[in-house]
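Those letters in the sequence shown? Residues 63 to 411, per my numbering, in order.
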Amino acid sequence: MENKLKTEILNITTIVEFVLLGFSDIPNLQWILFGVFLVIYLTILMCNSIIILIIRIDSALQTPMYFFLSNFSFLEICYVTVTIPKMLMDLLTQKGNISFFACAAQMCFVLMFGGSECLLLTVMAYDRYVAICNPLHYTLVMNQKVCIQLVTASWISAVPVVIGQTCQIFSLPFCGSNTINHFFCDIPPVLKLACGDTFVNEIAIYVVAVVFIMVPFLLIVFSYGKIISSVLKLSSAKGRAKAFSTCSSHLMVVVSFYGTATITYLRPKPNQSEGVGKLISLFYTVLIATLNPIIYTLRNKDIMVALRKLLTKLLTGLKYLNLQNLLIGSSCSGNRKKSLLVLFLNNDY
Numbered sequence: 063m064e065n066k067l068k069t070e071i072l073n074i075t076t077i078v079e080f081v082l083l084g085f086s087d088i089p090n091l092q093w094i095l096f097g098v099f100l101v102i103y104l105t106i107l108m109c110n111s112i113i114i115l116i117i118r119i120d121s122a123l124q125t126p127m128y129f130f131l132s133n134f135s136f137l138e139i140c141y142v143t144v145t146i147p148k149m150l151m152d153l154l155t156q157k158g159n160i161s162f163f164a165c166a167a168q169m170c171f172v173l174m175f176g177g178s179e180c181l182l183l184t185v186m187a188y189d190r191y192v193a194i195c196n197p198l199h200y201t202l203v204m205n206q207k208v209c210i211q212l213v214t215a216s217w218i219s220a221v222p223v224v225i226g227q228t229c230q231i232f233s234l235p236f237c238g239s240n241t242i243n244h245f246f247c248d249i250p251p252v253l254k255l256a257c258g259d260t261f262v263n264e265i266a267i268y269v270v271a272v273v274f275i276m277v278p279f280l281l282i283v284f285s286y287g288k289i290i291s292s293v294l295k296l297s298s299a300k301g302r303a304k305a306f307s308t309c310s311s312h313l314m315v316v317v318s319f320y321g322t323a324t325i326t327y328l329r330p331k332p333n334q335s336e337g338v339g340k341l342i343s344l345f346y347t348v349l350i351a352t353l354n355p356i357i358y359t360l361r362n363k364d365i366m367v368a369l370r371k372l373l374t375k376l377l378t379g380l381k382y383l384n385l386q387n388l389l390i391g392s393s394c395s396g397n398r399k400k401s402l403l404v405l406f407l408n409n410d411y
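Here is the structure:
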C-alpha cells in the first residue's frame, strides 16, 4: 500500500510535459494536412490583414461598424495564432510535445481570445441595433469614446476569469498518461488526465461558459429580435433589403461560432468519441476563422468597393514606376518626361 502511494505521488510530480496526439491517427495524411493548414493559416493572416488595412486607409469606412470589424479581424489573427503554428510544428516534426506551462498558456490564450470574440460579437450586434432601431441618435450613442470603451471592455473582461479558470485546472494533480488526444490544450481533453474528482472544475466551466457564451448569445438574439421587428415596419422593400444585408454577415458568423462553442463547452459530459470533439474544435478554431473574412468581404459592398480602389491604386503605382523606369532609360528631355508623367497621373496616358 505504501509503495503504491509513493508510485502515485511520483507520477503526479514527474509530469512536466504533455504530448498532443493531434492527427497522429492518420499518419499517411500528415504532409497533406501540413500543407492544407499552412495555406489556411496564411489565408487567414492575409485576408484579415487586408480588411484591417482597407478600413484603416479608406475614409468612407471610418464608422463604428468598421471600427469593430477591424478589431474583430485582429482578434481572429490572434486567436488562430495561438493554435495553428503549434499544430503545424507538430505535423512537421511528427512530435506533439508541449511543456506543462506552455500547455497552460495556450489554453489561457485560447479561452481569453474566445471570450473576447463572444463579447465583441455582442458589441457588433448592439451597434447594428442602434444603427437600425435608433438611427437619429446613432452618431451620438456610438461616438468614438463609447466605441473604444466597448472594444476595450471586450478585450479585457475575460482576462481575470480565464486566468483564474486556467490556474484552477492546472493546479489539479495529473497522474498516469500525459497524452492529450487533441491538437491543442483544450479544457475537456486536459481535464480527462486529471486525477481525483473534477466536479468543481466542471461546474466552474459551465458557469464561465454561461457567462461568456449564453448571456452574450441571448443579448445578440434580443438585439436581432428588435432589428427584425424594426426592419419589417419599413415601407420600402429596398430599405428592408439594405438593412438585412448589413446584418446578414454578422448573423452568419454568430450562428456558426456560438453553435460549435456551445456544443464544446455547454454540452453534458459526453460519451461521444474524442475524434468528434476534435472535429468540432477544429471547426470553431480554424474553419470559421477562415470563413469569417470571406463572409464579411463578399457580402459587404463597401468593403468590396474599398478593395477595388486599393487594387486600382496599387496597379496605378506599379504602372507609374514602370513608366518612370522606362523614361529614365530613354533619350527624352527632362520637360518631355515630366509631361508624360503628368499625363499618366491625369489618366490621359
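Note that beta-carbon positions come from the ideal geometry of N, C-alpha and C, so glycine has one too.
Straight across, the Cα-Cα distance linking P235 with C257 is about 6 Å.
A Cβ-Cβ contact shorter than 8 Å links I289 with C195. The region 227–245 and the region 316–324 do not touch, with fewer than 3 CB-CB distances between them shorter than 8 Å. Taking C-alpha positions only, A166 is separated from V293 by approximately 46 Å.
DSSP places F80 within a strand segment (E or B) once states are collapsed to three.
Comparing C-alpha distances from V144 to each of A122, M169, V272 and F345 shows the shortest one belongs to M169. Assignment of F236 by DSSP, reduced to helix, strand and coil, places it in the strand class. DSSP places N159 in the strand class (E or B) of the three-state scheme.
Looking only at L131, V252 and S219, the smallest Cα-Cα distance to S233 is reached by V252. Around the beta carbon of H312, 16 or more other beta carbons sit within 10 angstroms, so the residue counts as buried. DSSP, read as helix, strand or coil, puts I88 in coil.
With contacts defined by Cβ atoms closer than 8 Å, I119 and S135 do not form a contacting pair.
In the DSSP annotation of this structure, the continuous segment of the alpha helix (DSSP H) that includes T214 starts and ends at Q206 to I218.
For the options F246, A187 and R190, the alpha carbon positioned closest to that of V348 is the one of F246. Bridge pairing for I242: L82 [DSSP]. Looking at the backbone, the Cα of T352 and that of I102 are separated by about 7 Å. For the pair G287 and I94, the Cα-to-Cα distance works out to about 44 Å. The beta carbon of N133 is closer than 6 Å to those of V213 in its chain, skipping five residues each way along the sequence. When DSSP reads this structure, A256 sits in a beta bridge with F236. For L281, the uninterrupted alpha helix (DSSP H) run begins and ends at V277 to L294, by DSSP.
When Cβ pairs closer than 8 Å are counted between the two stretches, the region 173–186 is seen to touch the region 216–223, the count reaching three or more.
A buried status is given to M204, since no fewer than 16 other beta-carbon atoms sit within 10 Å of its beta-carbon. Sequence-distant partners of C140 (beyond 5 residues in either direction) whose C-beta falls short of 7 Å from its own C-beta, in its chain, are F175. For T201, the uninterrupted alpha helix (DSSP H) segment begins and ends at Y200 to V203. A contact is defined here as three or more CB-CB pairs under 8 Å, and the region 259–270 fails this definition with respect to the region 103–111. The DSSP-derived three-state label of C247 is coil. If you draw a 10 Å sphere on the C-beta of H244, you find 16 or more other C-beta atoms in it, and that means buried.
No Cβ-Cβ contact shorter than 8 Å links V78 with I242.
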